[in-house]
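Chemist: Got a structure for you, written out below as structure tokens; questions coming shortly.
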Amino acid sequence: MLAKNSELKEANHTVASLEKHFNRWFHYPIVFLNNEPFDERFIEVLNSTASGGATFEVIPREDWTYPTWVNQTAAKSSIVEQGARGTMHAGQEGYHHMCRFYSGSFYQLEALRKYKWYWRLEPDVDFLCSITYDPFVEMARRKKVYGFTISLWEEWDTVPSLFRHTAEFKEAFDLASSALWKAMMEPSWIPYPLRPLMSLLPHRDQSGDAWSGCHYWSNFEIADLDFFRGKQYQAFFKALDDTGGFYFERKAWR
Numbered sequence: 001m002l003a004k005n006s007e008l009k010e011a012n013h014t015v016a017s018l019e020k021h022f023n024r025w026f027h028y029p030i031v032f033l034n035n036e037p038f039d040e041r042f043i044e045v046l047n048s049t050a051s052g053g054a055t056f057e058v059i060p061r062e063d064w065t066y067p068t069w070v071n072q073t074a075a076k077s078s079i080v081e082q083g084a085r086g087t088m089h090a091g092q093e094g095y096h097h098m099c100r101f102y103s104g105s106f107y108q109l110e111a112l113r114k115y116k117w118y119w120r121l122e123p124d125v126d127f128l129c130s131i132t133y134d135p136f137v138e139m140a141r142r143k144k145v146y147g148f149t150i151s152l153w154e155e156w157d158t159v160p161s162l163f164r165h166t167a168e169f170k171e172a173f174d175l176a177s178s179a180l181w182k183a184m185m186e187p188s189w190i191p192y193p194l195r196p197l198m199s200l201l202p203h204r205d206q207s208g209d210a211w212s213g214c215h216y217w218s219n220f221e222i223a224d225l226d227f228f229r230g231k232q233y234q235a236f237f238k239a240l241d242d243t244g245g246f247y248f249e250r251k252a253w254r
């Protein structure tokens with residue numbers, strides 16, 4: 001769980017709910033992350049609530065700042081502009097750092113090296129139903145690598161270039177179009193000679209095809225960490241990171 005010292009009450013609320021509905025049977029450890037050191041009170045309270053033990057880690061400075069290739073002056077100006085447009089969370093510098101962190105370096109943290117599976121938690125969350133089975137065991141048994149809870153439409157102004165860059169990565173590595181890829185696309189019906197013009201519009205690829213805007217939230221994801229540590233995913237993250245989109249857009253894609 002990523003949490004601030006000021007979110008002690010909210011973090012403890014989540015853990016208490018998780019313990020009541022799930023972890024009292026399984027006693028999994030909980031890793032707390034912060035870009036600043038946790039205070040003694042936070043550690044004391046959460047240690048007493050988590051039945052499987054807890055660790056409290058400080059995110060390395062290099063994982064919570066601008067990458068060297070991003071012009072910080074331009075990025076900060078863009079963040080201010082995004083906030084002025086009313087894009088949710090886009091005016092918060094820390095939110096951009098968080099999105100980049102969760103998308104790339106989170107899976108490589110030393111504190112997580114010994115784990116294969118993880119369940120992302122958020123402060124101030126209620127689990128309404130008891131989960132009496134182990135989702136990690138079930139996912140491993142069924143050879144699943146990822147699970148999510150919420151799927152809805154993206155706010156269009158948050159990621160105008162995400163689909164184009166994703167499509168370019170797909171083409172560069174000659175990746176086949178899966179059924180899920182096709183389900184989230186809206187093919188262009190205009191004549192081929194005019195399609196390059198359509199590609200200049202937001203949310204379209206180099207062929208003029210459009211993204212439907214369908215996406216899922218990663219807030220409560222359950223996943224196999226080895227998938228995200230793999231060369232394929234890390235190459236995809238690097239391709240998107242190199243564009244600077246985590247700062248010049250609100251790329252909350254992970």
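Under the UniProt record's numbering, the first residue of the sequence shown carries the number 1, and numbering increases by one thereafter.
For glycine and all other residues, C-beta sits at the position ideal for the given N, C-alpha and C.
For the structure I just gave you, are there three or more beta carbon pairs, one from the segment 58 to 74 and one from the segment 133 to 150, closer than 8 Å?
Modeler: No, the segment 58 to 74 does not touch the segment 133 to 150.
Chemist: Report yes or no: do three or more beta-carbon pairs, one from the segment 12 to 19 and one from the segment 45 to 55, lie closer than 8 Å?
Modeler: Yes: at least three Cβ pairs fall under 8 Å.
Chemist: On a Cα-Cα basis, can you pick out the residue from S130, I190, G147, W211 that is closest to H165?
Modeler: If we check each option's Cα against that of H165, W211 comes out closest.
Chemist: Counting Cβ pairs, one atom from each stretch, are 3 or more of them under 8 Å apart for the segment 222 to 240 and the segment 58 to 68?
Modeler: Verdict: no, contact absent.
Chemist: Just to check my reading of the structure: E62 and F32 have Cβ atoms closer than 8 Å, yes? What is that Cβ distance to the nearest angstrom?
Modeler: That pair is no contact at about 20 Å.
Chemist: Using only alpha-carbon positions, find the residue among D205, S130, E93, Q92 that is nearest to E186.
Modeler: Among D205, S130, E93, Q92, the Cα nearest to that of E186 belongs to D205.
Chemist: Let me check understanding here. Comparing Cα to Cα, which of I222, R250, I131 lies closest to E122?
Modeler: Nearest C-alpha to E122: I222.
Chemist: Helix, strand or coil for M185, going by three-state DSSP, please let me know.
Modeler: Residue state, collapsed to three classes: strand.
Chemist: So, helix, strand or coil for A90, using DSSP?
Modeler: Residue state, collapsed to three classes: coil.
Chemist: Taking the alpha-carbon of F127 as reference, which of D241, F246, V15 has the nearest alpha-carbon?
Modeler: F127 has its Cα closest to that of V15, out of D241, F246, V15.
Chemist: Check H27 in the structure and name its three-state DSSP category.
Modeler: DSSP places H27 in coil when its eight states are reduced to three.
Chemist: Drop a sphere of 10 angstroms on the beta-carbon of R113, count the other beta-carbons inside from all chains shown, and report buried for 16 or more, exposed for fewer.
Modeler: Exposed is the call here.
Chemist: Can you name the start and end residues of the alpha helix (DSSP H) that T132 belongs to?
Modeler: Run containing T132: none; DSSP gives neither H nor E here.
Chemist: Since E102 contacts S6 with CB under 8 Å, what's their CB separation in whole angstroms?
Modeler: The question names Glu, but residue 102 in the sequence shown is Tyr. Rounded, the Cβ-Cβ distance is 20 Å, inconsistent with contact.
Chemist: Closest by CA to V145, which one among D224, Y133, Y233?
Modeler: It is D224 whose Cα lies nearest to the Cα of V145.
Chemist: Would you check whether the ligand FAD has a heavy atom nearer than 8 Å to the C-beta of A239?
Modeler: This structure simply doesn't include the ligand FAD, nor any ligand for that matter.
Chemist: Buried or exposed for L152, going by 16 or more other Cβ atoms inside 10 Å?
Modeler: Exposed, because fewer than 16 other Cβ atoms sit within 10 Å of the Cβ of L152.
Chemist: Quick check on the DSSP output: the beta strand (DSSP E) that includes E57 runs from which residue to which?
Modeler: Where E57 is concerned, the enclosing beta strand (DSSP E) stretches over 54 to 58.
Chemist: Under 6 Å Cβ to Cβ from A167, same chain only, skipping five residues before and after it: list those, please.
Modeler: The residues are D205.
Chemist: Which residues share a DSSP beta bridge with C214?
Modeler: W153, per the DSSP bridge assignment.
Chemist: Would you decide whether K9 is buried or exposed? Buried here means 16 or more other CB atoms lie within 10 Å of its CB.
Modeler: Classification of K9: exposed, given that the 10 Å Cβ count is below 16.
Chemist: Of all the options A84, G83, E36, E81, which has the alpha carbon lying nearest to the alpha carbon of L2?
Modeler: Selected option, being the one with the closest Cα: E36.
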